[in-house]
Each structure stands twice: as structure tokens, then as C-alpha cells.
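Trainee: full-length UniProt numbering numbers the first residue of the sequence shown as 1 and each following residue consecutively. All residues carry an ideal CB built from backbone N, CA and C; glycine is no exception. Okay, here's the structure, questions in a sec.
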Amino acid sequence: MKVLVLGGTGVISRAIVQKALAAQHEVAVFNRGSKNHLFSSEVECIVGDKTNREQFRALMAGRKFDAVIDMISFDASDAQFTVDTFQDHAGQLVFCSSSAAYKRPFRTTPIVEDAEELYDSENFPYAYHKANMERYLRQVIVQGEIPVTIIRPSLTYGIGCANLGVLRQNYNIVQRIRSRKPLVMFGDGTLPWSFSFAPDVAKAFVGAVGNERMFGQSYHATSEELHVWQDLYLEFGKLLGIEPQLVHFSSAMLKEANPALFGHLFYEKSYAGLFDNSKLKRDLPGYQAEISLASGLAMLLDWYEREGHAVDEAKDRLEDELVFAYGRFVGQLKEISWG
Numbered sequence: 001m002k003v004l005v006l007g008g009t010g011v012i013s014r015a016i017v018q019k020a021l022a023a024q025h026e027v028a029v030f031n032r033g034s035k036n037h038l039f040s041s042e043v044e045c046i047v048g049d050k051t052n053r054e055q056f057r058a059l060m061a062g063r064k065f066d067a068v069i070d071m072i073s074f075d076a077s078d079a080q081f082t083v084d085t086f087q088d089h090a091g092q093l094v095f096c097s098s099s100a101a102y103k104r105p106f107r108t109t110p111i112v113e114d115a116e117e118l119y120d121s122e123n124f125p126y127a128y129h130k131a132n133m134e135r136y137l138r139q140v141i142v143q144g145e146i147p148v149t150i151i152r153p154s155l156t157y158g159i160g161c162a163n164l165g166v167l168r169q170n171y172n173i174v175q176r177i178r179s180r181k182p183l184v185m186f187g188d189g190t191l192p193w194s195f196s197f198a199p200d201v202a203k204a205f206v207g208a209v210g211n212e213r214m215f216g217q218s219y220h221a222t223s224e225e226l227h228v229w230q231d232l233y234l235e236f237g238k239l240l241g242i243e244p245q246l247v248h249f250s251s252a253m254l255k256e257a258n259p260a261l262f263g264h265l266f267y268e269k270s271y272a273g274l275f276d277n278s279k280l281k282r283d284l285p286g287y288q289a290e291i292s293l294a295s296g297l298a299m300l301l302d303w304y305e306r307e308g309h310a311v312d313e314a315k316d317r318l319e320d321e322l323v324f325a326y327g328r329f330v331g332q333l334k335e336i337s338w339g
């Protein structure tokens with residue numbers, strides 16, 4: 001089948017391209033072209049900017065696809081433009097949403113898709129806009145304009161990722177453990193969470209292509225391996241042979257200090273992130289997230305070493321300052337007269 005991936009260069013998108021090629025699909029990607037050297041000659045690279053709508057329509061004019069996988073729509077307007085562009089030029093549309101689009105607190109644990117509501121507060125714009133995107137797509141599904149499938153990843157990491165860690169500090173995690181420098185953890189680090197490796201999540205997107213059972217449906221696609229948040233750092237420590245030092249802040253405190261950096265912890269990740277993937281397994285027989293956290297982090301560490309990643313100096317200084325503030329705060333607590 002002929003598949004177009006809008007995006008194609010993010011951590012999940014790249015894995016989708018590889019899985020689609022392995023499934024013998026004819027693959028094209030549309031993006032701004034800065035990372036198209038990552039793709040083999042089998043992939044057609046269409047270069048442009050989707051926000052330039054006139055240009056995008058011109059680039060897509062006359063093209064036909066069996067499926068379009070949209071990884072770059074973040075709100076209802078983005079999604080509507082995709083629908084308007086492809087409703088007469090594609091057999092189906094697969095949209096990447098997010099588990100952040102679920103309203104908190106959850107109604108179910110593990111989380112079941114059709115039992116949950118969508119996020120409805122502007123206090124966390126990313127979740128709010130993704131939820132509104134889904135509300136629009138539900139209207140499209142009801143109207144039957146074009147077959148639509150919605151996939152909601154949770155925290156997904158892998159080769160090329162840029163979102164790992166409480167500070168989204170990525171390689172700095174490894175550097176700080178090696179340097180015996182403490183790492184900031186939110187809460188007590190014991191909140192249950194699902195860490196999903198990108199190739200596992202990509203299987204859901206590629207499995208939706210041409211799969212009529214998945215038309216008109218929404219799914220989350222996550223690992224079901226049980227972990228807590230601190231396992232992210234502890235597993236890196238095991239790989240390095242060094243036990244990480246952790247200091248703990250509440251997510252509310254971090255959010256008040258820097259909403260842009262830490263808002264996602266308070267609004268999205270301060271609730272247990274455990275997901276029931278039964279619906280996806282029902283409609284995509286054989287689906288299973290197979291890569292463990294330990295195996296995924298080992299591959300990530302190998303990538304860090306192979307590519308010679310540099311430390312993010314600004315994030316490193318920020319984490320140093322947070323660690324210092326933590327020590328000062330604990331010292332002040334000790335000075336309180338406890339009676």
C-alpha cells in the first residue's frame with residue numbers, strides 16, 4: 001500500500017517509516033527536509049512546510065495514498081486541514097494524539113480508552129489542544145467523510161528521542177550518574193508508569209494501515225511492563241554500574257517554579273500511567289510491546305556513546321541549582337523546632 005507519513009523525523013515517526021518499509025508498503029514522508037538523510041533511498045521525501053497551506057496543497061495535488069499517517073497535527077485546526085486536503089486523495093487517515101488528552105483523574109486503572117473523558121482545561125495547553133483535535137476527529141468519524149483512526153502514545157523514547165528525564169535532559173542523565181551528581185525526581189519516584197520504546201508504538205500505527213477494524217476508533221499504544229518513575233534512572237544506573245543519587249521535589253512545587261518546563265509533570269504525569277491495551281490487541285491481533293525498559297535503555301545508551309552526545313550545559317546547571325535548593329530546604333527543615 002502507498003503510505004504517506006506527515007513528519008517522519010521524530011522518534012516515533014522514524015520507527016513508523018522503518019516498520020512500514022518492513023511491511024512492504026511504499027513509503028513517502030513529508031517534512032522540512034532537515035533530517036531526510038536518515039532515510040534510505042526507498043523512501044520518497046517531499047520537502048515543505050505544512051503551515052504554508054497553499055504550498056502544501058500544491059505539493060499534494062494529484063497524489064493518491066492508501067493511508068496518511070499524521071504525526072504533526074497538534075490541534076483541531078491542524079487536523080481539519082489534513083482532512084480537507086486528503087479526504088478525496090487518501091483511503092484513510094491515522095492521527096497521532098497523546099495519552100495526555102485523557103482527563104485527569106482517570107476513571108479506570110489500568111486505563112481503558114472508551115471509559116475515559118477528554119481533557120477539558122486550558123491549564124495544560126498541549127493536552128487541551130490534543131483533546132480538541134480528537135473532538136473534531138470524532139465529528140469526522142460520525143459524518144463518515146473518510147476513515148479515521150486515532151493512536152494515543154504515552155511517554156515514548158528511543159533512538160533520536162529528546163524528551164527523556166524529569167528535566168527532559170536526555171544524555172545528561174548518563175553524565176550525571178557517571179559524575180555521581182544527584183538527579184531530580186518528582187514525587188517519591190514510586191508512581192507507576194509505562195515507558196514505551198518507539199518501535200513497539202510504531203507497530204500500532206503501521207498495523208492500522210488498511211485495517212478496517214480500526215476505522216473510526218481510538219487506541220492507546222503503550223508498554224504494559226510495570227514500572228515506577230524512579231526505575232528510569234535506576235535502570236540507567238544498573239547499565240553503568242553506578243547507583244544514582246536522587247533528590248525529590250513535588251510536581252506542584254516544580255510546576256510553580258517553572259510551568260513551561262514542569263507543567264507536564266503536574267498536569268499529566270502525577271497520575272498513575274498504566275494502560276490496558278486489550279482494545280488494540282483485539283483489533284490488531286498479535287500486537288504486543290516487546291522491548292523492556294532495560295533493553296530499550298541499553299540501546300539508547302549505545303546510541304549516546306556511538307554518536308558522542310554532548311552534555312546540555314544549561315540543563316546541567318539548572319539541575320545543579322535544584323539539587324542545591326533541595327539541600328538548603330532540607331537543612332531549613334532540620335532547624336525547625338519539632339517540639
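If you compare alpha carbons, which of E313, H129 and F324 is closest to V247?
Mentor: Comparing Cα positions, the closest option is F324.
Trainee: Roughly how many angstroms separate the alpha carbons of T82 and C45, rounded to a whole number?
Mentor: Those two C-alpha atoms are separated by around 18 angstroms.
Trainee: State the Cα-Cα distance for the pair D200 and T222, rounded to the nearest angstrom.
Mentor: Straight-line Cα distance between these residues: approximately 8 angstroms.
Trainee: Under a three-way DSSP split, which group does N170 fall into?
Mentor: Of the three classes helix, strand and coil, the one that applies to N170 here is coil, per DSSP.
Trainee: Pick from H25, G7, T9 and V11: whose alpha carbon is nearest that of V206?
Mentor: V206 has its Cα closest to that of H25, out of H25, G7, T9 and V11.
Trainee: Report the three-state DSSP secondary structure of F195 (helix, strand or coil).
Mentor: Three-state result, F195: coil.
Trainee: Assuming K279 contacts E113 (C-beta within less than 8 angstroms), just tell me the rounded distance between them.
Mentor: K279 to E113, Cβ: 6 angstroms. Contact.
Trainee: Three Cβ pairs or more, each shorter than 8 angstroms: is that satisfied between the stretch 63-80 and the stretch 1-9?
Mentor: Contact holds: three or more Cβ-Cβ distances are below 8 angstroms.
Trainee: List the residues that DSSP assigns as beta-bridge partners of T156.
Mentor: Looking at the DSSP assignment, T156 forms a beta bridge with S196.
Trainee: Is the stretch 142-151 touching the stretch 91-101, taking contact as three or more C-beta pairs under 8 angstroms?
Mentor: Yes: at least three Cβ pairs fall under 8 angstroms.
Trainee: Name, in chain order, the residues that DSSP records as bridge partners for H264.
Mentor: None, per the DSSP bridge assignment.
Trainee: With respect to the beta strand (DSSP E) encompassing S218, which residues constitute its N-terminal and C-terminal limits?
Mentor: Run containing S218: Q217 to A221, per the beta strand (DSSP E) assignment.
Trainee: For R85, count neighbouring Cβ atoms within 10 angstroms of its own Cβ and tell me buried if that reaches 16, exposed if not.
Mentor: Note on residue identity: the sequence assigns Thr, not Arg, to residue 85. So T85 counts as buried.
Trainee: Just to check, is the beta-carbon of S278 closer than 7 angstroms to a non-hydrogen atom of the ligand NAD?
Mentor: Judged by which ligands are present, the structure shown has none, so any question about the ligand NAD falls away.
Trainee: Given a cut-off of 8 angstroms on the beta-carbon distance, is the pair Q169 and E319 in contact?
Mentor: The answer is yes: Cβ separation under 8 angstroms.
Trainee: What would DSSP say about N31, mapped onto helix, strand or coil?
Mentor: The answer is strand: DSSP assigns N31 an E or B state.
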